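Chains A and B are the protein sequences, given in the same order.
Position one of the first sequence corresponds to residue 244 (the working numbering), numbered consecutively onward.
Position one of the second sequence corresponds to residue 244 (the working numbering), numbered consecutively onward.
Number of protein chains: 2
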Amino acid sequence: MENRIEKIKKQLHSQSYKLTPQREATVRVLLEHEEDHLSAEDVYLLVKEKSPEIGLATVYRTLELLSELKVVDKINFGDGVSRYDLRKEGAEHFHHHLVCVECGSVKEIEEDLLGHVEKTVESQWEFQVKDHRLTFHGICKNCQSEHD
Amino acid sequence: MENRIEKIKKQLHSQSYKLTPQREATVRVLLEHEEDHLSAEDVYLLVKEKSPEIGLATVYRTLELLSELKVVDKINFGDGVSRYDLRKEGAEHFHHHLVCVECGSVKEIEEDLLGHVEKTVESQWEFQVKDHRLTFHGICKNCQSEHD
DNA sequence: GTGTCAAATTATAATGATTTTAATTTATTT
DNA sequence: AAATAAATTAAAATCATTATAATTTGACAC
């Protein structure tokens, strides 16, 4: 964990940003909830537990900054809220999501499923792909078995 | 065009909704701007030109209804606004988008690029796919050539 | 160490998209 | 035509997010 904080610190420094206590607290919350797809409000409340003086606006600004630096991915599942996911180490791309329409659970897929599709897009539409976002909506394993 | 309105009318009736004048006006705007990825506000302004008495809330309600009936797809490119695209006739799936990070243009891809990927997801993660959304972010043909 | 400057943060207010409410209108059924 | 339900309007409310102004922090010069 300290290791990853160090890396993020370096990423910030490389663009002449600082890892302030508030930013560090925010990053720590993200690291501790890597699977959780937290909203800005969620992050705010969790950070507040350890650092009660932090403001919501600061959390928003920090998440925005981390998003620009590609430390986190800002995602949107269609409810009105943005969610923030830590990008996995070494991942060049956004990871994919399986959203269950029954129970609302969200599962992540790390594998890059789109290498081939991306090549098609690049050649067929002459579009230079930088990133992609892919979400499947459907019924998760759990909810399938409940229908028996 | 009248043809497609008729179809949508039937879809509404099949769920015991009516195609009111306001709803029809809204659908017509969507048909006339099929490539445009209009926001609710955009639709509202366009509908207002022909039917000045319509309210914004009605447009929202209509778009929400059409979205539930899968007549339109509600999409979200990460700016704070929802956009509404008519689903192509016979399309079972959401279509894909190429969003240019330089000029903001959005191009649609009708082809189903994900048949194979979907099968992988279904078998490997035991997730029953109902729909998907795929967006590529990158640089469009136009913006590429401007960089010469 | 003290003063100065820029960056960051706080608390609050403002914004903008969307939703809700209550009152009114329209369409449908009896 | 009266009664009922569905849809619409206009206005207010809500919620996420962003901007503002004042304050604090930290780095560097003296």
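Glycine is no exception: its CB is placed at the ideal position from the N, C-alpha and C atoms.
On a predicted model such as this, the values are computed, not experimentally measured, just so you know.
A direct Cα-Cα distance of roughly 14 Å separates Phe-337/A from Glu-278/A. One alpha carbon belongs to Glu-389/B, the other to His-280/B, and they sit about 25 Å apart. In the three-state DSSP reduction, Glu-351/A falls in the strand class (E or B).
The segment 365-372 of chain B makes contact with the segment 376-383 of chain A: 3 or more CB pairs, one atom from each, lie closer than 8 Å. Using beta-carbon distances, Thr-378/B counts as an interface residue toward chain A, with a partner under 8 Å.
Nearest CB-CB separation between Glu-351/A and chain B: not below the 8 Å threshold. In the structure shown, Cys-386/A adopts helical secondary structure according to DSSP, grouped into three states. When DSSP reads this structure, Asp-316/A sits in a beta bridge with Asp-328/A. One Cα belongs to His-359/B, the other to Leu-299/A, and the distance between them is close to 43 Å. Runs of the alpha helix (DSSP H) lying entirely within the segment 246-314 of chain B and spanning at least 4 residues, in chain order: 264-275, 283-293 and 299-311. When secondary structure is reduced to three states using DSSP, Gly-323/A falls in the coil class, being assigned neither helix nor strand. Looking at the backbone, the Cα of Arg-304/A and that of Arg-266/A are separated by about 9 Å.
At a cut-off of 8 Å, the C-beta of Gly-358/B has no neighbouring C-beta in chain A. Within chain A, the residues whose beta carbon sits less than 8 Å from that of Asp-374/B are Phe-379, His-380 and Gly-381, listed in sequence order. Annotation: Asp-374/A to Ser-310/A spans about 13 Å, alpha carbon to alpha carbon. Burial is judged here by how many other beta carbons sit within 10 angstroms of a residue's own beta carbon; His-340/B has at least 16 and is buried. Taking C-beta atoms under 8 Å as the contact rule, Leu-289/B and Val-272/B qualify, at a distance of about 5 Å. Check the Cα spacing between Leu-308/A and each of Val-324/A, Lys-350/A, His-276/A and Lys-261/A: the tightest is with Lys-261/A.
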